[in-house]
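K.L.:
So for the sequence shown, my numbering puts the first residue at 2; every next one is plus one.
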Amino acid sequence: MKIFFYTLRPWDERPCAERLAAETGIAFDGCEAYPTLENAALAAGCDAVSMTPCDMGPDMVRRFHELGVKYLCCRSIGYDHVDRQTARELGMRVSNVDYPPRGVANFAIMLMMMSLRRVGHILKRGEVQDYSLQGKIGRDLSGCTVGVIGTGHIGRTVLEHLSGFGCRLLAYDLYPSQEAARWAEYVDFDTLCAESDVITLHTNATAQNHHLIDGAALAKMKDGVVIVNTARGSLIDSGALIAALESGRVGAAALDVLENENGLYYYNRAGDPIANPELALLRSFPNVLLTCHTAFYTDEDVESMVRGVFESAAAFAQGQPTRHDVSLA
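Okay, here's the thing in structure tokens:
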């Protein structure tokens with residue numbers, strides 16, 4: 002068996018892959034480029050292809066199938082970038098990975114605290130040697146009501162860790178968790194929007210929750226609400242968020258993910274003109290933090306993500322079940 006890794010980072014992922022190849026006996030190769038129709042031939046003869054979020058539409062899926070690839074192994078929790086319908090029609094299996102939830106959960110809490118205490122604004126003013134206090138006053142997280150949308154592994158960890166801060170905790174999920182209910186009160190979506198000082202998103206992207214945070218949802222929120230998104234960019238209508246920031250309805254936003262981030266995040270685009278007006282506007286606000294999809298990025302999580310690819314490919318080849326199988330999800 003052999004796996005071909007696209008977007009394989011030489012400084013962290015490749016050493017992990019080398020250790021796991023020796024451990025499992027599964028061969029691998031890879032390149033730093035994103036998969037394209039032109040470079041797909043690099044995976045010829047491989048059983049599996051692994052990639053980070055990118056364009057894996059029907060043409061790409063069919064191209065890999067033509068080359069003999071049987072498994073598409075996402076190196077991410079999200080898998081909405083893969084055309085799974087085409088993969089199913091061609092008999093290809095699709096997998097994602099998981100990793101310990103505390104890395105993203107703690108990053109989200111850090112973003113909450115930075116936003117409430119205006120740390121981004123304070124640091125920017127410090128760069129021009131403005132050390133005055135005016136305009137820097139913040140709020141303490143412990144006195145806030147925090148609403149958590151999505152109570153899967155990461156959302157539950159956020160709630161567990163926030164429980165030590167003494168803040169009031171609300172939660173919304175289509176499938177409530179008894180574990181999460183130990184720390185938070187489950188409420189409906191509108192109530193969470195209306196009563197939360199901070200709202201943090203921890204749910205997968207689906208067709209049903211596209212632009213979950215839109216103009217109507219933002220209109221229901223408190224003036225000065227802080228919005229944190231470490232989940233998926235498509236959960237927020239960027240245009241509506243920008244309008245709410247301009248009006249003051251949203252007091253601050255901390256966005257680790259962004260709509261239309263493919264082709265931007267994980268690339269060095271220094272000096273390039275970037276055709277993304279929403280990104281340019283968001284970067285201009287002193288009360289917006291953009292962290293370029295790095296909430297997951299710890300040594301522990303990288304190891305877990307690469308290991309998940311090897312585990313999924315092996316399970317598929319052996320006809321064994323795996324928790325990472327999202328072919329029919």
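Virtual Cβ for every residue (Gly too), placed ideally from N, Cα, C.
Measure the C-alpha to C-alpha separation of Ala106 and Ala206 and round it to an integer number of angstroms.
P.N.:
For the purposes of this step, residue 106 is taken as residue 105 along the sequence shown, with counting starting at 1. For the purposes of this step, residue 206 is taken as residue 205 along the sequence shown, with counting starting at 1. Those two C-alpha atoms are separated by around 17 Å.
K.L.:
For Ile138, is the beta carbon positioned less than 7 Å from some heavy atom of the ligand FMN?
P.N.:
Absence of the ligand FMN from the depicted structure is noted, as is the absence of any ligand whatsoever, leaving it without description.
K.L.:
Taking 8 Å as the limit between beta carbons, can you name the residues of its chain near Arg63, skipping five residues before and five after?
P.N.:
The residue given as residue 63 occupies position 62 in the sequence shown. Once the five neighbours on either side are set aside, the close Cβ partners of Arg63 are Thr87 and Leu91.
K.L.:
DSSP three-state label for Leu38, please.
P.N.:
For the purposes of this step, residue 38 is taken as the residue at position 37 of the sequence shown. Looking at Leu38 - three-state DSSP - the assignment turns out to be coil, as it is neither helix nor strand.
K.L.:
Under the rule that 16 or more other beta-carbon atoms within 10 Å means buried, what is Pro54, buried or exposed?
P.N.:
Within the sequence shown, residue 54 is the residue found at index 53, counting from 1. Pro54 should be labelled buried.
K.L.:
Residues in the same chain with beta-carbon distance under 6 Å from Val188, minus the five sequence neighbours each way, listed in chain order, please.
P.N.:
In the sequence shown, residue 188 corresponds to position 187, counting from 1. Cβ neighbours of Val188 beyond the five flanking positions: Leu171.
K.L.:
Using three-state DSSP, classify Cys17 as helix, strand or coil.
P.N.:
Here residue 17 refers to the residue found at position 16 of the sequence shown. If DSSP states are grouped into helix, strand and coil, Cys17 belongs with the helices.
K.L.:
Determine the burial state of Val129: buried for a count of at least 16 other Cβ atoms within 10 Å of its Cβ, exposed for fewer.
P.N.:
One-based indexing of the sequence shown puts residue 129 at position 128. It is exposed - the Cβ of Val129 has fewer than 16 other Cβ atoms within 10 Å.
K.L.:
CB-CB under 6 Å to Leu259, same chain, minus the five flanking residues each way: which ones, in chain order?
P.N.:
Numbered from its first residue, the sequence shown carries residue 259 at position 258. Cβ within range, chain order: Gly234.
K.L.:
DSSP on Lys221, reduced to helix/strand/coil?
P.N.:
As a position in the sequence shown, residue 221 is number 220, starting the count at 1. Note: Lys221 maps to coil in three-state DSSP.
K.L.:
Hey, how far is the Cα of Thr323 from the Cα of Gly144?
P.N.:
Within the sequence shown, residue 323 is the residue found at index 322, counting from 1. Within the sequence shown, residue 144 is the residue found at index 143, counting from 1. If I take the Cα positions, the gap works out to 42 Å.
K.L.:
Find out if the Cβ-Cβ distance for the pair Pro11, Glu33 is shorter than 8 Å.
P.N.:
Counted from its first residue, the sequence shown places residue 11 at position 10. Counted from its first residue, the sequence shown places residue 33 at position 32. Against a cut-off of 8 Å, the Cβ pair of Glu33 and Pro11 comes out as a contact.
K.L.:
Between which two residues does the alpha helix (DSSP H) harbouring Asp81 extend?
P.N.:
Taking the first residue of the sequence shown as position 1, residue 81 is located at position 80. Careful: Asp81 lies outside any alpha helix (DSSP H) and carries neither H nor E.
K.L.:
How far does the beta strand (DSSP E) with Phe317 in it reach, from first residue to last?
P.N.:
Your numbering for residue 317 matches position 316 in the sequence shown. Where Phe317 is concerned, there is no enclosing beta strand (DSSP E), although the alpha helix (DSSP H) it sits in stretches over Asp300 to Gln319.
K.L.:
Write down every uninterrupted run of the alpha helix (DSSP H) in the segment 74-134 whose length is 4 residues or greater and which is fully enclosed by it, in chain order.
P.N.:
DSSP runs (the alpha helix (DSSP H)) wholly in the segment 74-134: 85-90, 103-117 and 120-128.
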